[in-house]
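Position in the sequence shown counted from 1, then plus 11, gives you this note's numbering.
Just so you know, even glycine gets a beta-carbon here, dropped at the ideal spot from N, CA and C.
From a predicted model like this one, the values you see are computed outputs, not experimental measurements.
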Amino acid sequence: MTQNGPAEGHPGDDERRRPEGLTGVLDALEQAVGQARAMPMSSSVLVNRAELLDLLAQARSILPGQLAQADEVLADADAVLAEGRRQAEEVVEAARARAAELVGEEEVVRAAHRRAEEILAEAERTAAGLRRDADDYCDRRLADFEIDLGKVLAQVQAGRAKLAGRLELDPGSPDD
12 MTQNGPAEGH PGDDERRRPE GLTGVLDALE QAVGQARAMP MSSSVLVNRA ELLDLLAQAR
72 SILPGQLAQA DEVLADADAV LAEGRRQAEE VVEAARARAA ELVGEEEVVR AAHRRAEEIL
132 AEAERTAAGL RRDADDYCDR RLADFEIDLG KVLAQVQAGR AKLAGRLELD PGSPDD
């Protein structure tokens, strides 16, 4: 028993359903089987024989061309690989030459790093001393302000006390 699919009896469906390339044909086969009606109480399905045979024929006709393309791609890949190996050898040789050059410069670089670390340590010590001196100066200035403000506060309090004493002696006198 075969299922009459939507492709039968409709002119123009063959052109619409022609997949491109082997992958397209395999996708169409998968879709045909996936959308096929299932047989009751079985994992079997009813498929359109003509549609599947047409898709298989397309796959067979496409396959030789794609195999030839694959052979060309492999040949090109071999050529690219050989060129890549040649370039890699050149890069390795240049790297070896540069490494030998850098080894000679390495001691100079180490000495420069040591000197830079010494300069940085000295700068940090100097900065720490300057911070201490600045903090000491600020503390002395604040202590001086504290003393001056204490004197001003004492004068203000004395002035207010004197004024309060006058107000107590003459509570009923009119304002000037």
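Segment limits, alpha helix (DSSP H) that includes GLN46: Here the question's residue 46 lines up with position 35 in the sequence shown. Looking at the DSSP string, GLN46 is not in any alpha helix (DSSP H), and its letter there is neither H nor E.
Pull up the distance between the alpha-carbon of ALA138 and that of ARG152, whole angstroms please. Sequence index remark: in the sequence shown, residue 138 carries index 127 (1-based). Sequence index remark: in the sequence shown, residue 152 carries index 141 (1-based). A direct Cα-Cα distance of roughly 21 Å separates ALA138 from ARG152.
Please classify VAL58: does DSSP put it in a helix, a strand, or coil? The residue you call residue 58 lines up with position 47 of the sequence shown. In the three-state DSSP reduction, VAL58 falls in the coil class, being neither helix nor strand.
Spatial distance of ALA99 from LEU67 (CA atoms): Taking the first residue of the sequence shown as 1, we reach residue 99 at position 88. Taking the first residue of the sequence shown as 1, we reach residue 67 at position 56. Their Cα atoms are separated by approximately 45 Å.
Would DSSP call ASP82 helix, strand or coil? On the sequence shown, residue 82 is found 71 positions in, with the first residue counted as 1. Reduced to three states, the DSSP call for ASP82 is helix.
In angstroms, rounded to a whole number, what distance separates the CA positions of ALA172 and ASP159? Numbered from its first residue, the sequence shown carries residue 172 at position 161. Numbered from its first residue, the sequence shown carries residue 159 at position 148. Straight across, the Cα-Cα distance linking ALA172 with ASP159 is about 20 Å.
By the three-class DSSP mapping on this structure, what secondary structure does GLU179 have? Taking the first residue of the sequence shown as position 1, residue 179 is located at position 168. Helix at GLU179.
For chain C, find out if any of its Cβ atoms is closer than 8 Å to the Cβ of LEU64; answer yes or no. As a matter of chain content, chain C is missing from the structure shown, which is built from one protein chain.
When you compare the CB positions of GLN69 and VAL36, do they come within less than 8 Å of one another, or not? As a working note, residue 69 is residue 58 in the sequence shown. As a working note, residue 36 is residue 25 in the sequence shown. Going by beta carbons, GLN69 and VAL36 fall inside the 8 Å limit.
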